[in-house]
Amino acid sequence: MQILQNISLKAYNTFGMDVHADYYTAITQPEQLAAITADASLPAKRFVLGGGSNVLLTQSLHGLVLHNKIKGIEKIKEDDEHIWVSVGAGEVWHDFVMYAIANHWAGIENLALIPGTVGAAPIQNIGAYGVEVKDAIDCVTGWHWDMKQLLPFYNDECAFGYRDSIFKHQLKDKVFITSVTFRLNKKPKYNTSYGAIEQELQKMGVTEPTIAAIADAVIAIRSSKLPNPREIGNAGSFFKNPTIPATQYETLKETFPTIPSYPAGEETVKVPAGWLIEQCGWKGFRAGDVGVHEKQALVLVNYGNATGGAVWDLSDNIVKTVHDKFHITLEREVQVW
Ligand SMILES: Cc1cc2nc3c(=O)[nH]c(=O)nc-3n(C[C@H](O)[C@H](O)[C@H](O)COP(=O)(O)OP(=O)(O)OC[C@H]3O[C@@H](n4cnc5c(N)ncnc54)[C@H](O)[C@@H]3O)c2cc1C
520 MQILQNISLK
530 AYNTFGMDVH
540 ADYYTAITQP
550 EQLAAITADA
560 SLPAKRFVLG
570 GGSNVLLTQS
580 LHGLVLHNKI
590 KGIEKIKEDD
600 EHIWVSVGAG
610 EVWHDFVMYA
620 IANHWAGIEN
630 LALIPGTVGA
640 APIQNIGAYG
650 VEVKDAIDCV
660 TGWHWDMKQL
670 LPFYNDECAF
680 GYRDSIFKHQ
690 LKDKVFITSV
700 TFRLNKKPKY
710 NTSYGAIEQE
720 LQKMGVTEPT
730 IAAIADAVIA
740 IRSSKLPNPR
750 EIGNAGSFFK
760 NPTIPATQYE
770 TLKETFPTIP
780 SYPAGEETVK
790 VPAGWLIEQC
800 GWKGFRAGDV
810 GVHEKQALVL
820 VNYGNATGGA
830 VWDLSDNIVK
840 TVHDKFHITL
850 EREVQVW
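Reading the sequence shown from the start, the letters are residues 520 to 856 in this note's numbering.
Here it is in structure tokens:
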């Protein structure tokens with residue numbers, strides 16, 4: 520295992536922030552984690568990095584960056600309805616979605632083209648187009664730094680919620696996820712009701728959906744709406760969609776009759792953060808190299824040489840103006856380091 524020093528992370532985060540890590544190593548085997556735990560000469564502060572598509576790097580990282588590169592896909596078992604597949608946490612998420620589709624395994628096709636690694640998918644319970652990854656996860660396996668062993672975390676132990684899981688709370692910084700076991704469906708249950716999937720399928724001339732056609736539709740919609748991080752630095756949705764009490768929503772509706780909402784429980788509703796941000800006039804805003812994307816107000820962008828600090832300050836101003844106007848506090852979805 521090679522430990523490198525003073526390494527630029529610019530190529531390893533989709534915002535393209537040029538900060539340095541004091542120490543850096545690539546993890547290709549779970550066994551390396553035991554060796555790192557036992558090596559007292561290495562920094563105690565560790566940062567686990569996957570595809571870097573959900574992090575905002577605001578400063579140099581004083582510690583050891585562990586870049587997850589654990590690969591491998593293994594079929595575990597199957598029955599008439601399902602197949603269980605264990606996937607190395609360093610596999611690219613979209614590649615795994617395409618692999619599943621090629622094998623006619625259903626359940627994650629709506630999550631095509633989400634950037635990042637398989638190992639990060641459970642952390643914020645990635646979701647898109649009416650599907651969340653939690654519904655396809657059987658078990659998450661990870662190296663527990665304090666217990667010094669690999670442990671399984673079964674689905675019902677992961678406290679999955681909207682862009683949330685136990686790995687963001689009790690187990691934050693305590694576990695390096697090494698693999699995820701998925702339970703995928705042999706008989707697909709199509710989910711085409713969300714967003715523009717049905718319209719896109721029609722445009723494609725598809726009358727009988729297949730999981731491959733749904734993934735193609737999702738890819739087409741996402742490519743037309745979201746900025747490609749290879750072209751403009753970004754980390755997708757910067758904020759979560761806030762959940763507010765239904766009573767607050769009704770009051771807001773009196774002043775803002777067009778405020779949209781989605782059902783979220785019996786006495787709460789979810790409001791699209793992008794709409795709130797747009798109403799505050801931020802859509803398309805640019806100051807130097809930092810800005811709010813012109814097509815999607817939920818996405819903050821780095822047009823070139825913005826610093827993480829400048830993106831953070833912009834996000835702070837957005838939080839303030841949205842709070843002043845709507846009395847709603849936006850929560851950042853992106854992990855800030
Ligand atoms: C253009 C764009 C579109 C996006 N669209 C969506 C979307 O539709 N839905 C959605 O949910 N997300 C979306 N995202 C966010 C992002 O793709 C996901 O959150 C993704 O799962 C992050 O994966 P990653 O490997 O890049 O994680 P990283 O950014 O590397 O890490 C994110 C966090 O997870 C931790 N982490 C990563 N890997 C591990 C591991 N193996 N063990 C322990 N901790 C780990 C890191 O320490 C960090 O705290 C989008 C991002 C972009 C840039």
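Ideal placement from N, C-alpha and C gives every residue a C-beta, glycine not left out. Since we're looking at a predicted model, the values are computed, not measured.
Handout entry: Beta-carbon spacing of N587, G609 below 8 Å
Key = By 1-based counting over the sequence shown, the position of residue 587 is 68. By 1-based counting over the sequence shown, the position of residue 609 is 90. Yes.
Handout entry: Alpha-carbon spacing of N573 relative to N747, whole angstroms
Key = As a position in the sequence shown, residue 573 is number 54, starting the count at 1. As a position in the sequence shown, residue 747 is number 228, starting the count at 1. For N573 and N747, the distance between alpha carbons rounds to 14 Å.
Problem - Residue from Q548, N674, L670, T697 with nearest C-alpha to E651 - result: Position 132 of the sequence shown, counted from the first residue, corresponds to residue 651. Selected option, being the one with the closest Cα: N674.
Practice task
State the Cα-Cα distance for the pair L552 and V567, rounded to the nearest angstrom.
Solution key: On the sequence shown, position 33 is the one that residue 552 refers to. On the sequence shown, position 48 is the one that residue 567 refers to. Distance between the alpha carbons of L552 and V567 is about 11 Å.
Practice task
Pick out whichever of Y618, V699, M666 has its Cα sitting closest to the Cα of A655.
Solution key: The residue you call residue 655 lines up with position 136 of the sequence shown. Among Y618, V699, M666, the Cα nearest to that of A655 belongs to V699.
Practice task
Quick one: give me the first and last residue of the alpha helix (DSSP H) that E786 is part of.
Solution key: Residue mapping note: residue 786 aligns to position 267 of the sequence shown, counting from 1. Membership of E786 in any alpha helix (DSSP H) is not indicated, and neither H nor E is assigned to it by DSSP.
Exercise for the section: Give me the Cα-Cα distance between A625 and Q524, rounded to the nearest whole angstrom. Expected result: Along the sequence shown, one-based indexing puts residue 625 at 106. Along the sequence shown, one-based indexing puts residue 524 at 5. Roughly 43 Å separates the two Cα atoms.
Problem - F566 (DSSP reduced to helix, strand or coil) - result: Stepping through the sequence shown from its first residue, residue 566 is reached at position 47. In this structure, F566 counts as strand in the three-state DSSP scheme.
Practice task
Rounded to whole angstroms, what's the CA-CA distance from R805 to V820? Just pull it up for me.
Solution key: By 1-based counting over the sequence shown, the position of residue 805 is 286. By 1-based counting over the sequence shown, the position of residue 820 is 301. Taking the straight line from one Cα to the other gives about 9 Å.
Exercise for the section: Using the Cα positions of Y822 and E750, report the straight-line distance between them to the nearest angstrom. Expected result: In the sequence shown, counting from the first residue as 1, residue 822 sits at position 303. In the sequence shown, counting from the first residue as 1, residue 750 sits at position 231. Roughly 9 Å separates the two Cα atoms.
Exercise for the section: Return the CA-CA distance between G724 and R741, expressed in angstroms with no decimal places. Expected result: Reading the sequence shown from its first residue, position 205 is the one you call residue 724. Reading the sequence shown from its first residue, position 222 is the one you call residue 741. Straight-line Cα distance between these residues: approximately 19 Å.
Practice task
Check each candidate in W662, V538, R682, Y768 and name the one with the smallest Cα separation from H581.
Solution key: If you number the sequence shown from 1, residue 581 lands on position 62. Taking only the C-alpha atoms, the option nearest H581 is V538.
Handout entry: Three-state secondary structure (DSSP) of T840
Key = As a position in the sequence shown, residue 840 is number 321, starting the count at 1. Note: T840 maps to helix in three-state DSSP.
Practice task
Assess, as a yes-or-no matter, whether the stretch 782-796 is touched by the stretch 730-741 under the definition of 3 or more beta carbon pairs within less than 8 Å.
Solution key: Not touching, per the Cβ criterion.
Practice task
Go through its chain and collect everything with a Cβ distance to V779's Cβ below 6 Å, but skip five positions before and after it.
Solution key: In the sequence shown, counting from the first residue as 1, residue 779 sits at position 260. The amino acid occupying residue 779 in the given sequence is Pro; Val does not appear at that position. Closer than 6 Å at the Cβ level, and outside the excluded window around P779, lie P791, W794.
Problem - Where H663 sits in the DSSP three-state scheme - result: Here the question's residue 663 lines up with position 144 in the sequence shown. The answer is strand: DSSP assigns H663 an E or B state.
Practice task
Note the first and the last residue of the continuous alpha helix (DSSP H) segment covering K596.
Solution key: Looking up residue 596 in the sequence shown gives position 77. Taken as a continuous stretch (DSSP letters only), K596 belongs to no alpha helix (DSSP H), being part of the beta strand (DSSP E) at 592-597.
Exercise for the section: Have a look at the DSSP bridge pairing and note the partners of V616. Expected result: Residue 616 sits at position 97 when you count from the first residue of the sequence shown. Answer by DSSP bridge pairing: none, since V616 is not bridged.
Handout entry: Residue environment, H812, which counts as buried when at least 16 other CB atoms sit within 10 Å
Key = For this step, residue 812 is matched to residue 293 along the sequence shown. Answer is buried; the Cβ neighbour count reaches 16.
Exercise for the section: Spatial neighbours of V853 within its chain, please: CB distance less than 7 Å, with the 5 preceding and 5 following residues excluded, ordered by chain position. Expected result: Residue mapping note: residue 853 aligns to position 334 of the sequence shown, counting from 1. Leaving aside the five residues that flank V853 on each side, the residues in its chain whose CB is nearer than 7 Å to its CB run, in chain order, N573, V574, L575, A754, F757.
Practice task
Please list the segments of the beta strand (DSSP E) lying wholly inside the stretch 690-773, counting only runs of 3 or more residues, in order along the chain.
Solution key: The qualifying runs are 694-704, 752-756, 762-764.
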